[in-house]
Amino acid sequence: MSIVRVREHVNPLSKKYQVPATPPDWSTIYAKPHQPLHVDIGCGKGHFVQDMATLQGDRNFLGLEIREPLVDQANRWRDELGLSNLHYLFCNANNSIRPLLTSLPTGILQQVTIQFPDPWFKRRHQKRRVVQPELVVDLAEFLVPGGIVFVQSDVEEVAIEMRDRFDEYPAFIRQHDDWLPDNPMSISTERERSTLSTSDEPIYRALFVYAKVS
-2 MSIVRVREHV
8 NPLSKKYQVP
18 ATPPDWSTIY
28 AKPHQPLHVD
38 IGCGKGHFVQ
48 DMATLQGDRN
58 FLGLEIREPL
68 VDQANRWRDE
78 LGLSNLHYLF
88 CNANNSIRPL
98 LTSLPTGILQ
108 QVTIQFPDPW
118 FKRRHQKRRV
128 VQPELVVDLA
138 EFLVPGGIVF
148 VQSDVEEVAI
158 EMRDRFDEYP
168 AFIRQHDDWL
178 PDNPMSISTE
188 RERSTLSTSD
198 EPIYRALFVY
208 AKVS
């Protein structure tokens, strides 16, 4: 597999990324478009959802990534593997998640993962972080009751912010009082494996179940 080199960080607030993504025709994207859906926000090179899609043929997977060359590369790899339950989209999740989820078949969004997002350490840059209150509201609108959101980061400040923003929304019920000791997914990301193998620093994880408020 050839490797595409891209910038490590992309400013989602720049003009280039302010136009929401146009939803595709999902019936041409997935062989079975009404299967349960897992969305990975900020999927990077896409290996995590590629591995998940390989293991779980009864579920569809959608990777969202703001760096377009990585999306093009990931879709080429998907085609080489012949995976009809996997797709990658180039978009800014903060302004595209609502139109994308609105266009999907009703009642299929069951899992969302947000893993090791760009930390944007400087205070003036923190509005660039992916987990903004509006994103939480959008996910709450489309997740099925019992659906899950899993977030993790090796940067404690970022993990706390993500955790707190989901905690603030009453319908998201955190499944552990402290940080999760282990990854509840069947697959680890490249970043997670690298961090665990080269550092003694912890990974901060939180799992939420969506309980629809009547």
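Mapped onto the working numbering, the consecutive letters of the sequence shown carry residue numbers -2 to 211.
For glycine and all other residues, C-beta sits at the position ideal for the given N, C-alpha and C.
Put simply, the backbone Cα of Ser93 is about 34 Å away from that of Ser194. Boundaries of the alpha helix (DSSP H) around Val134: 130 to 139. If you draw a straight line from the Cα of Asp37 to the Cα of Ile63, it comes to about 12 Å. The shortest CA-to-CA distance from Cys40 to any of Gln149, Ile200, Val206, Val141 is the one to Gln149. When the Cα atoms are used, Thr186 and Phe45 turn out to be separated by approximately 5 Å.
A Cβ-Cβ distance of about 7 Å is found for the pair Val155 and Arg126, placing them in contact under the 8 Å criterion. For Tyr166, the three-state secondary structure derived from DSSP is coil.
DSSP places Ser185 in the coil class of the three-state scheme, outside both helix and strand.
Going by DSSP, Val46 is part of the alpha helix (DSSP H) stretching over 44 to 52. Per the coordinates, the alpha-carbon of Phe139 lies some 23 Å from the alpha-carbon of His173. A buried status is given to Pro114, since no fewer than 16 other beta-carbon atoms sit within 10 Å of its beta-carbon.
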